[in-house]
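Read the structure below first, then the notes.
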Amino acid sequence: MTYRNPAPTVDIIIELIDRPHHPIILIERHNEPFGWAIPGGFVDYGEPVEVAARREAEEEIGLQIELIEQFLVYSDPNRDRRQHTISLVFLATAMGDPVAGDDAKGVGIFEPWCVPSNLCFDHDRILWDYWRYRNYGIRPRLG
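Residue numbers (the working numbering): 363 to 505.
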């Protein structure tokens with residue numbers, strides 16, 4: 363019997379705490395789907411998700427991060443048109459100047475009111491949920 367399972371991924375919403383208003387970091391993707399995305403990627407076999415989050419942040423933006431909390435899990439089978447993924451989203455902080463690496467074509471630092479409109483995957487929904495939580499303490503309802 364062959365099993366088809368979703369692939370586990372991590373996404374990390376990283377606030378730069380050494381800048382006013384604590385803007386977040388997004389990467390411009392080098393590979394399809396093109397556009398802007400929250401830093402993150404696939405969890406390697408045998409790797410804890412927290413380790414994957416730190417690794418992906420260092421690979422994509424060149425910064426050490428401090429994980430603050432596990433935010434939510436996003437699992438809509440259509441969130442990534444390439445395959446069914448399940449993303450564990452972490453909230454984190456960092457200091458310094460991010461540099462694009464790995465599969466990032468570019469890196470940007472954004473305040474909530476100037477996030478690009480061409481976000482990949484379901485990252486528009488994730489950021490909307492995050493800002494509601496960050497500003498008002500409201501976690502989205504599941505389901």
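Beta carbons are placed, not taken as given, at the ideal position from N, Cα and C, and that holds for glycine. No experiment lies behind these values; they were computed from the predicted model shown.
- Judged by DSSP secondary structure, Ile423 falls outside any beta strand (DSSP E) and instead within the alpha helix (DSSP H) spanning 411-423.
- The segment 380-394 and the segment 455-468 touch, with no fewer than 3 CB-CB distances between them shorter than 8 angstroms.
- Secondary structure at Leu489: helix, using DSSP grouped into helix, strand and coil.
- Ile500 counts as exposed, since fewer than 16 other beta carbons sit within 10 angstroms of its beta carbon.
- Measuring C-alpha to C-alpha distances from Val435 to each of Gly424, Gln426, Ser449 identifies Ser449 as the nearest.
- Beyond the five residues adjoining it in sequence on each side, Gly403 comes within less than 6 angstroms, by CB distance, of Glu418 in the same chain, given in chain order.
- In this model, Glu473 and Glu377 are separated by some 10 angstroms (Cα to Cα).
- Considering only Ser479, Gly458, Ala462, the residue with the shortest C-alpha distance to Pro382 is Gly458.
- Cα atoms of Ile374 and Glu422: separation of roughly 11 angstroms, rounded to the nearest angstrom.
- Ser449: member of the beta strand (DSSP E) spanning 447-456, first to last residue.
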